[in-house]
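From first to last, the protein sequence lines are chains A and B.
Taken in order, the first sequence gives residues 0 to 407; the numbers are from numbering that gives the first Met the number 0.
Taken in order, the second sequence gives residues 0 to 482; the numbers are from numbering that gives the first Met the number 0.
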Amino acid sequence: MNIQNNYQKNKKNIFFSNNKDVQNHREKLLNIFENDRFDKKNNESLKNINLKNFIDFDYKYLIPEEISVINNNQENSYSIVSVNGQCSTFKDDKIEITKILDEDYNDFSKNDTIENNDHFVNLNSLFLNSGFKIVIKKNNNIKIKISNIITDDDLTIFQKNNYICEEGSSLNLIEEYENKNNSSSNILNVIKLEKNSQLNHFLIQDNSPNHNLIITSHSSCKKDSTYTQKVYNFSEGYVRNFHYSELIEANSEADLQGIFFLKDNNTSNNKTFVKHLAEDCKSNQIYKGILNDSSKATYFSNTHVDQVAQKTEGYQLSKGILLSDNASYFSKPELKIYADDVKCSHGSTIGPIDENAIFYLRSRGMSKIAATKILISSFINEELSSIDDEQMAEIIQKKLVRYLSKVK
Amino acid sequence: MNSETLNTLNSYSKNKYKYGFVTEIDDEKPKKGLNEDTIKFISQKKNEPEWMLDWRLKAYSKWKKMKEPKWANLSFPEIDYQDIYYYSAPKGFEKKPKDLSEVDPKLIDTYNKLGIPLEEQKVLAGVAVDVVFDSVSVATTYKGELEKLGIIFCSIGEAIQKHPNLIKKYLGSVIPPGDHSFSALNSAVFTDGSFVYIPEGVKCPMELSTYFRINAENTGQFERTLIIADKGSYVSYLEGCTAPKRDDNQLHAANVELIALEDAEIKYSTVQNWYPGDEDGKGGIYNFVTKRGLCEGKNSKISWTQVETGSAITWKYPSCILKGDNSIGEFYSVAITNNFQQADTGTKMTHIGKNTKSKIISKGISLGKSQNTYRGEVSFLRKADKARNYTQCDSLLVGNQCGAHTVPYIDSKNNTAVIEHEASTSKINEDQLYYCRQRGLSHEEAVSLIVNGFCKQVLQELPMEFAVEAQKLVSISLEGSVG
Chain A
0 MNIQNNYQKN KKNIFFSNNK DVQNHREKLL NIFENDRFDK KNNESLKNIN LKNFIDFDYK
60 YLIPEEISVI NNNQENSYSI VSVNGQCSTF KDDKIEITKI LDEDYNDFSK NDTIENNDHF
120 VNLNSLFLNS GFKIVIKKNN NIKIKISNII TDDDLTIFQK NNYICEEGSS LNLIEEYENK
180 NNSSSNILNV IKLEKNSQLN HFLIQDNSPN HNLIITSHSS CKKDSTYTQK VYNFSEGYVR
240 NFHYSELIEA NSEADLQGIF FLKDNNTSNN KTFVKHLAED CKSNQIYKGI LNDSSKATYF
300 SNTHVDQVAQ KTEGYQLSKG ILLSDNASYF SKPELKIYAD DVKCSHGSTI GPIDENAIFY
360 LRSRGMSKIA ATKILISSFI NEELSSIDDE QMAEIIQKKL VRYLSKVK
Chain B
0 MNSETLNTLN SYSKNKYKYG FVTEIDDEKP KKGLNEDTIK FISQKKNEPE WMLDWRLKAY
60 SKWKKMKEPK WANLSFPEID YQDIYYYSAP KGFEKKPKDL SEVDPKLIDT YNKLGIPLEE
120 QKVLAGVAVD VVFDSVSVAT TYKGELEKLG IIFCSIGEAI QKHPNLIKKY LGSVIPPGDH
180 SFSALNSAVF TDGSFVYIPE GVKCPMELST YFRINAENTG QFERTLIIAD KGSYVSYLEG
240 CTAPKRDDNQ LHAANVELIA LEDAEIKYST VQNWYPGDED GKGGIYNFVT KRGLCEGKNS
300 KISWTQVETG SAITWKYPSC ILKGDNSIGE FYSVAITNNF QQADTGTKMT HIGKNTKSKI
360 ISKGISLGKS QNTYRGEVSF LRKADKARNY TQCDSLLVGN QCGAHTVPYI DSKNNTAVIE
420 HEASTSKINE DQLYYCRQRG LSHEEAVSLI VNGFCKQVLQ ELPMEFAVEA QKLVSISLEG
480 SVG
């Protein structure tokens, strides 16, 4: 069923359908879809995507019967189970979890960092059917773990979450996406960091081949705040990781990192975009990918430095290892710089595993497969060893071992 | 230019042209606008055979259906293709300054700084005098030598008449007319350009340059150059001139095709210094150039070197298709933009054959309110086993109102190919500046020295006589914007 029909038929079940402003915005979006029919040729962010899954889909959403649970067993530590993208409300003196409201819908549509032609963000706004809002209150230091569960097959989740870190707060956020059923999620995270706050955001993605995950985030950092994001993509299904960051006040920092492990016919599209809009800000964008079999990946990174953003430091790094003849990797590390007192650079490499290193290990009696596995592990060791959380490090280590066991 | 050449030029310029003048004034005034009649007119004027006209008309019909490529980071008013002369106006039709005193003194100043002889200055400034040295006669001396070796070096118009087989085989084989709208436009209306054929096993003994070719003065705005290097041959070709050149044509859309067969090598060097417009960004040339080289045979090599300092808009991506096994593609570029100039330049390396190698060194310098973009694509196709690429693109920003952008596209479909890309953007190092100033250099001199050092890696790839002039040119381009 096409987008227009899907929308008209399910209008009632979509969030905020009664709000006039929202409705008007959605009419506009429908027009965009009418006029720009996912033009693959002129829109490189659609590269390698099997569009059929996203244009002709059957909209289906179920309001979860089981209510999600919020656990607060340890002090300053919360674990949340979000069911079909929904979460029950919760409030104490440190955090507040609520449903998203009409007014949260619009705070994003006016932002121009995400281009108008990002169809997947537009789809998210159009079919919005779930989401929650988490506020971390002033000067608190807490840890949250969110497990995302989808109850039934064929569900299409369009979720929007708002995270707000108030002044001086610090949050460790771990999100798990481990769906085994045949469904798809389109998630948009809008993150706001107030003065002197900090957010460490981990995303662990490990879905089955039938699950499509589209995840987009937009973070904005105020004075002295730091946003760190680490994505670990072990999914066997399609994943799109698009992450945008805006450094809007001085001395803020954004760090967007990711590793992806692909095999079989899987594809993954990745994008990071950092916009420097104030002085003395720093950014890092580092993505590493390992591609086996016939997998395909793209990575777009972009550093935009505004004219006022003097003393900027912005670095990008992209590394890809191709393990098989049929794998392909496309990377486009972009710099757009309008200020002169800056230090910006990017580096990008794509290639096979270093033959000399393999030779070295083999001459010491190791089999070729064992040598390959050791070298892959060392390729991403830096990222893995930087994980402070022991429990999480263990989880990721296990997933890595599972991936390596399939490498021949 | 070496001293030998200068001597020859001087000796010829002293003598009056013995054989009298043929000043042809066309009866027909050139018509503005692009349509089939214009193309027929051009073809007829150039006495072209039927098949050439058909080729042009086919390209025109393709152009009609095409839109200008819009992806470049450039902004300019829409080009009105119907408001352009497609056949250069006959002599006497243009308004030419009568002597050097009528020429912009700033321009003369620049000529002097570059050390260009007076007679040459007149040619470059387009002065309508009788005794301008005649490149015809200079060319003939060289022509004899080239002919002995079997090298064909003539205008493309002449080649269409005399070497139709080569033209039929190779013209449009690297840049098909339907590639994009500017290539289609050029294919439909090109009027001049060079044709070079180097026979098997011949190493061309001198740097070939448009400068020595007949009619070099009117290279025209739609230039078409075709260079074919047969098996085992070598040629080095120079295009352009370090001296700023006035031109009434706003739009330039040249096409350059290179073909290197087995074991052949082509080195193509460009210095582009067209009129960039004034300090307020008014006027200036739009330079939309398509340059593409095909390494057809095994072990062939194509090397592009460019110094881009002129034009209001530069849209230029000299690229290499590395088809033959073990072939090599190189790209060295310096792009300097000042005032309101915009440059979107880079390269495209397509690795098709095994063991193909490419190297890209790009240096961009932005000053004033200019925008400078490097845009490059490196792609390894499935069969490009053990292919190798190294890319380095550095940008330097002088002043806080300019922009420097880097947009590389990297695509690998082969797991034995290795690709490395690095880029950096920064301003001039304060420490270096301090060091130079401490030793008595003025601020401007210090900046010029540092920038020259920044570009050295590229400038040293230029042929000797070009390199010296290019260094001066870099310094001149920086003038007035530093401090």
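Ideal Cβ placement from N, Cα and C applies to all residues, glycine included.
Short CB-CB distance (under 7 angstroms) between residue i and chain B
i: proline 351 (chain A); result: yes
i: lysine 407 (chain A); result: no
i: cysteine 280 (chain A); result: no
i: glycine 257 (chain A); result: no
i: alanine 249 (chain A); result: no
i: serine 76 (chain A); result: no
i: glycine 346 (chain A); result: yes
i: lysine 331 (chain A); result: yes
i: tyrosine 337 (chain A); result: yes
i: serine 362 (chain A); result: no
i: aspartate 103 (chain A); result: no
i: aspartate 263 (chain A); result: no
i: tyrosine 243 (chain A); result: no
Selection from the options that minimises the alpha carbon distance to residue i
i: leucine 250 (chain B); options: B:Ala311, B:Leu448 and B:Leu321; result: B:Ala311
i: serine 425 (chain B); options: B:Glu478, B:Asp384, B:Ile364 and B:Asn451; result: B:Ile364
i: isoleucine 31 (chain A); options: A:Asn9, A:Lys98 and A:Val120; result: A:Val120
i: isoleucine 320 (chain A); options: A:Ile352, A:Ser76, A:Arg25 and A:Asn209; result: A:Ile352
i: serine 219 (chain A); options: A:Ser267, A:Ser183 and A:Ser282; result: A:Ser282
i: serine 74 (chain B); options: B:Tyr169, B:Ser369 and B:Gln400; result: B:Ser369
i: lysine 342 (chain A); options: B:Asn428, B:Glu206, B:Ser268 and B:Gly345; result: B:Asn428
i: glutamate 235 (chain A); options: A:Asn250, A:Ala296 and A:Thr311; result: A:Ala296
i: asparagine 286 (chain B); options: B:Ile301, B:Lys202, B:Asn298 and B:Gly309; result: B:Gly309
i: phenylalanine 378 (chain A); options: A:Glu389, A:Phe259, A:Phe358 and A:Lys270; result: A:Phe259
i: leucine 154 (chain A); options: A:Asn49, A:Glu333, A:Ile2 and A:Phe56; result: A:Phe56
i: asparagine 147 (chain A); options: A:Arg401, A:Leu28 and A:Ser78; result: A:Ser78
i: leucine 472 (chain B); options: B:Ile83, B:Gln271 and B:Ala383; result: B:Gln271
i: isoleucine 190 (chain A); options: A:Ser207, A:Ser16, A:Ser184 and A:Leu172; result: A:Leu172
Delimiting residues of the beta strand (DSSP E) encompassing residue i
i: glutamate 245 (chain A); result: 238-246
i: tyrosine 331 (chain B); result: 327-336
i: cysteine 220 (chain A); result: 211-220
i: valine 82 (chain A); result: 76-82
Host alpha helix (DSSP H) of residue i (start-end)
i: glycine 156 (chain B); result: 155-161
i: leucine 73 (chain B); result: Where leucine 73 (chain B) is concerned, there is no enclosing alpha helix (DSSP H), given that its DSSP letter is neither H nor E.
i: asparagine 23 (chain A); result: 19-34
i: histidine 179 (chain B); result: No alpha helix (DSSP H) holds histidine 179 (chain B); DSSP gives it neither H nor E.
i: tryptophan 62 (chain B); result: 49-63
i: leucine 125 (chain A); result: 118-126
i: aspartate 36 (chain B); result: 35-44
i: alanine 356 (chain A); result: 354-362
Own chain, CB closer than 8 angstroms to residue i, minus 5 neighbours either side, in chain order
i: aspartate 117 (chain A); result: Ser44, Thr215 and Phe241
i: alanine 71 (chain B); result: Trp314, Asp343, Thr372 and Arg374
i: arginine 361 (chain A); result: Lys367 and Ala370
Proximal residues of chain E, C-beta to C-beta of residue i below 9 angstroms
i: leucine 276 (chain A); result: Of the chains in the structure shown, none is chain E; the protein chains are A and B.
Any chain A beta carbon closer than 7 angstroms to residue i
i: tyrosine 408 (chain B); result: yes
i: glycine 482 (chain B); result: With a pLDDT of only 46 at glycine 482 (chain B), under the threshold of 50, the placement of this residue in the model should not be trusted; the figure read from the coordinates follows. Output row for glycine 482 (chain B): interface = no.
i: phenylalanine 465 (chain B); result: no
i: leucine 73 (chain B); result: no
i: asparagine 414 (chain B); result: yes
i: serine 425 (chain B); result: yes
i: aspartate 133 (chain B); result: Caution is warranted here: a pLDDT of 38 is assigned to aspartate 133 (chain B), below 50, making its placement in the model unreliable, and no coordinate value can be reported.
i: threonine 218 (chain B); result: Residue placement at threonine 218 (chain B) cannot be trusted, given a pLDDT of 43 that sits under 50; the coordinates are not used to answer.
Chain-order list of residues whose beta-carbon lies under 7 angstroms from that of residue i (same chain, five-residue window excluded)
i: valine 21 (chain B); result: At valine 21 (chain B) the pLDDT is 37, less than 50, meaning the model places this residue with poor confidence; the figure from the coordinates comes in the next sentence. Closer than 7 angstroms at Cβ, skipping near neighbours: no residue.
i: isoleucine 38 (chain B); result: Arg55, Leu56, Tyr59, Ala187 and Val188
Neighbourhood of residue i by C-beta, 6 angstroms cutoff - its chain only, sequence neighbours within 5 removed
i: arginine 25 (chain A); result: Leu125
i: glutamine 309 (chain A); result: Glu278, Ala338 and Asp340
i: threonine 225 (chain A); result: Gln197 and Glu252
i: arginine 239 (chain A); result: Ile213 and Asn268
i: aspartate 103 (chain A); result: Asn161
Whole-angstrom C-beta distance between residue j and residue i, which should lie under 8 angstroms
i: valine 406 (chain A); j: isoleucine 368 (chain A); result: 7 angstroms
i: valine 134 (chain A); j: glutamate 174 (chain A); result: Rounded, the Cβ-Cβ distance is 17 angstroms, inconsistent with contact.
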